[in-house]
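*Asks:* Sharing a structure here in structure tokens format.
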Amino acid sequence: MRAFGVGRWLSCRLLTDSQKWTSGSRDVMLQFQPSAFAARRTFTHTSRRSGAAQEALKKAQEDAASLTPEYVAANMDPKEAQRLARVRNIGIAAHIDSGKTTATERVLFYTGRINAIHEVRGKDSVGAKMDSMELEREKGITIQSAATFCDWKKVENGKEETYHFNLIDTPGHIDFTIEVERALRVLDGAVMILCAVSGVQSQTITVDRQMRRYDVPRISFINKMDRMGANPWKAVEQINTKLKMPAAAIQIPIGAEDEFKGVIDLIEMKAVYFEGPRGTIVRTTDQIPGPLREEAAEKRQVLIEKLADVDDEMAEIFLEEQEPSNAQIKAAIRRSTIARKFSPVVMGSALADKGVQTMLDAVCDYLPDPSQIENMALDKSKDEKSVKLVPYNSLPFVGLAFKLEENNYGQLTYIRVYQGTLNKGTYLFNSRTDKKVRIPRIVRMHSNEMEDVSEIGAGEICAVFGVDCASGDTFTDGGLPYTMTSMFVPEAVMSLSITPKRSVDGDNFSKAMNRFQREDPTFRVHVDAESEETIISGMGELHLEVYVERLKREYKTECVTGQPRVAYRETISHRADFDFLLKRQSGGPGDYARVAGWIEPYDKPDENYYESQVVGGHIPEKFLSACAKGFDIATAKGPLLGHRVVGSKMIINDGATHMTDSSDYAFSLATQMAFRKAFTDAGGQVLEPLMKTTITAPNEFQGGILMLMNKRNATIHDTDIGTEDFTLVCDCSLNAMFGFSSQLRAATQGKGEFSMEFSHYAPAPPHLQKELIAKYQAELAAKRTK
Ligand SMILES: Nc1nc2c(ncn2[C@@H]2O[C@H](COP(=O)(O)OP(=O)(O)OP(=O)(O)O)[C@@H](O)[C@H]2O)c(=O)[nH]1
Ligand SMILES: [Mg+2]
């Protein structure tokens, strides 16, 4: 929080408040044979709303705080309760390349969604199911998150139980971080994957921050146990120390590296081996290999002690020196995981087909079902009072559109259903626009394929067709005036100019730009009024590069791009008065407008504010709106560099008109000119984006990296020295980070890594400001003389 600028901090704080109730989310997935699915989905909703559900809705509106998950559960239709208890909405999030997509591929295979496994960057060149975009398969990285649903059959008390998973595989690269944000916004739980060799990496720290932002409970999966140097205990220690999340392993490995065969379940004290083709045969035995018995007993004790630290019931058992039963241990893990006080750690190797099935069991055992997470909305009719959403099918519908995507069939909108049931053919209201839309088709997504369904119950996730909306819009059935807060959208910090090579591609170019902007809130497009160049901005070079490449592949539009540029801002530091007269006479009707007032810093540093305090009709009402427009134009393109002005306030309190020469045009222009002139008097300055940068590297390189960062004028916030690696967290200007990856590689023999995300805007160093302004002014002068 410290590293955020005031504006960002404010928006972040708002978000944090909302998370108290936003806590995760629930979606649904069910099914895989459509017939079995249809038979199972006996929804209890009808037009007749059950009394208990109505009572809960009333309580949710009047006294949300008292509506505990226990109350919701106690008043739920038993059939519904049973359905929800078997639903898990989960996201997979982690550092880049840790094996999220590879693990998801196994999940799909073991749950029967796909018949064969294809690897990311595999020799067969098919690529993993969830990386469906051509570019993803080529680059071997995930760019867009992909949703799927599957059924996992788990044996409980000698009986097979079916769990329905909705699963979202997210990208690891920081440039696509919005995909992680929106997945975590609507999911109830997450699997955080770590590499058994690298442990907590720079991007793991970012993902941890995002999970905390949306209060998402998580289990940790230590992947790549087959790699040379695999050491799960380093990763477990780092989750505790670096992420400060109490965690303990609930398994220990049987062998490691080439010899990795399976795991020992520390609760049941059983050995689990993954055998047969693709590890499909899970063999469980009481025979723990002799050399591992002592280690297993010791790590079981560590688990119990860790639980006693975070869970009262377990603490009591521990203090009374009793041995907890397996059921008590499991219950304590579940309670403390859902309360986000603990993360159970499982391990395996996705690539070697080991440990994925036990990870799925852990998801069922320890991650919450949709009714165990509190979700809130704001009641627009009661001054945006917080109300709880209740996951009963019989209540009025409330859902959130969290992701838009265009495919061959049209525009798809992903919706998380928080309350009520969504039926095909019904009408929904968009609570932002108050527009009514028909839902002609509902589907469940399986990467880029889909399956039609006719209804979706509370706590589930689906996609709908033909709905015109923006990402983050709330939909209701018109019965409740609710709206939900949206997700955190990071600032775009990098931009470049782009023009289609051939003018005939103009149409395709605009189509693509419109689509990309609709789908991705971190991608923005604007046209520079003077140069008439199209400028795209986004999260980083790779982000923009991907869109340029997609234009070429998907829209057959090749483009010429400029150099990537930092998105600067301009602002003022103190008040300055102005009294400006525009008087131009050139033969015919002239331009006349006088505006007077002042500009000063605005207390919301991300926004601008305009106010008219003109009395006595010195500027008639009809011209005042032109003044407001003039202010908007002036702030869209700052006087120093032509970048957006933020944190400025303009008050116009006096002026004068001329009988014939005053016009909207004259007042708009006079306001723009007055603003530009006053800008210098008000201490106008250039702001640059500072990036929260996390660097991890072996301890021996610490001195060298500190030097590197000092040279870049970074502000160091935190250094954490572990047994082998250290982590450094600092704020550094984006400008100073160009070319950093190769320097870091050189300084650490390729062992260091870093990730960065936007933190806040701060004044650029004076010499840089001077240089940038001089360059911009020279460009302007050159244009004028042309
Ligand atoms: N040795 C080993 N390699 C693995 C394992 N799991 C994944 N990999 C490899 O790690 C690389 C990255 O795997 P992905 O599944 O694409 O990783 P990801 O986390 O989805 O990557 P992004 O989505 O781009 O962040 C691939 O080359 C995989 O084959 C594992 O268990 N052991
Ligand atoms: Mg991936």
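Position 31, counted from 1, in the sequence shown is what the working numbering calls 31; the numbers after and before it change by one each time, with no gaps. We put the CB at the ideal spot given by N, CA and C, even for glycine.
1. Please work out which residues of its chain come closer than 6 Å, Cβ to Cβ, to HIS767, disregarding the five sequence neighbours upstream and downstream, and give them in chain order.
2. From the DSSP secondary-structure annotation, give me the bridge partner or partners of TRP152.
3. Reducing DSSP to helix, strand and coil, say where TYR409 ends up.
4. Where LEU706 and PRO490 are concerned, what is the direct C-alpha to C-alpha distance, given to the nearest angstrom?
5. Pop quiz: ILE799 and THR426 are said to be a contact at Cβ under 8 Å. What is the actual Cβ separation, rounded to whole angstroms?
6. In whole angstroms, what is the alpha-carbon distance linking SER343 and ALA697?
7. Taking one C-beta from the region 354–368 and one from the region 257–264 each time, how about it: are there three or more such pairs within less than 8 Å?
8. Just reading off the beta strand (DSSP E) that GLY703 is part of, what are its end residues?
9. From PHE509 to CYS469, what does the alpha carbon distance come to, in whole angstroms?
10. Quick one: grab the DSSP three-state call for ALA331.
11. Is any heavy atom of ligand 2 found at a distance shorter than 6 Å from the C-beta of THR100?
12. Taking C-alpha atoms, which residue in LEU708, GLY457, GLY348 lies nearest to SER394?
13. With a CB to CB cut of under 7 Å and the five nearest residues on each side skipped, what residues in its chain are close to ASP664?
14. Could you spell out the range, first to last residue, of the alpha helix (DSSP H) harbouring CYS627?
15. Rounded to the nearest angstrom, what separates ASN654 and ARG676 at their Cα positions?
16. For the region 493–510 against the region 529–543, are there 3 or more C-beta pairs whose distance is under 8 Å?
17. Check whether the region 228–242 and the region 109–128 touch, using three or more Cβ-Cβ pairs below 8 Å as the test.
18. What are the residues that DSSP puts in a beta bridge with LYS385?
19. Please identify the residue among GLY506, ASN408, SER648 whose C-alpha is closest to the C-alpha of ARG569.
20. Please identify the residue among GLU724, LEU734, CYS730 whose C-alpha is closest to the C-alpha of LYS751.
21. Closest to TYR414 by CA distance: which of VAL443, ASP434, PHE397 is it?
22. Measure the Cβ-Cβ separation of GLU549 and LEU187 and say whether it is below 7 Å.
23. Could you please give the first and the last residue of the uninterrupted alpha helix (DSSP H) stretch that includes ILE264?
24. In three-state terms, what does DSSP make of PRO766?
25. Need the endpoints of the beta strand (DSSP E) that SER537 sits in, please.
26. For ASN508, which residues does DSSP report across the bridge?
27. Using the C-alpha atoms, what's the distance from MET347 back to SER220?
28. Looking at ARG121 and ligand 1, is the gap between the Cβ and the nearest heavy atom below 6 Å?
29. Beta-carbon within less than 6 Å of ILE117's beta-carbon, same chain only, minus the 5 sequence neighbours each way: which residues are those?
30. Do SER349 and ASP226 have their CB atoms nearer than 7 Å?
31. Which of the three DSSP states is assigned to CYS364 in this structure?
32. Output needed for GLN238: all residues of its chain with C-beta closer than 7 Å, excluding positions within five of it in sequence on either side, in chain order.
33. Buried or exposed: which applies to PHE149, given that a residue is buried once 16 or more other Cβ atoms fall within 10 Å of its Cβ?
34. Name the residue from MET192, ILE254, THR694, ALA147 whose alpha carbon lies nearest to the alpha carbon of ASN448.
35. Is the Cβ-Cβ distance between PHE402 and ARG553 less than 7 Å?
36. Use the C-beta contact count for LEU30: other C-beta atoms within 10 angstroms, 16 or more gives buried, fewer gives exposed.
*Replies:* Answer, in terms of the structure:
1. none
2. TYR163
3. coil
4. 27 Å
5. Outside the modelled stretch of the chain, which goes from 1 to 786, sits residue 799, for which no answer is possible.
6. 25 Å
7. yes
8. Per DSSP, GLY703 belongs to no beta strand (DSSP E); it is in the alpha helix (DSSP H), 702–711.
9. 21 Å
10. helix
11. Here residue 100 is Lys; the residue named in the question, Thr, does not match the sequence. Flag set: Cβ of LYS100 near ligand 2.
12. GLY457
13. PHE623, ALA626
14. 621–636
15. For the sequence presented, residue 654 should be read as Asp rather than Asn. Taking the straight line joining both Cα atoms gives about 18 Å.
16. yes
17. no
18. ASP379
19. SER648
20. GLU724
21. VAL443
22. no
23. Here ILE264 belongs to no alpha helix (DSSP H); instead the beta strand (DSSP E) covers 262–265.
24. helix
25. 534–538
26. None, per the DSSP bridge assignment.
27. 8 Å
28. yes
29. GLU105, PHE109
30. yes
31. helix
32. GLY199, VAL200, GLY722
33. buried
34. ALA147
35. no
36. Low confidence applies to LEU30: its pLDDT is 25, below 50, so where it sits in the model is not reliable, and the reading given next is rough at best. Label assigned to LEU30: buried.
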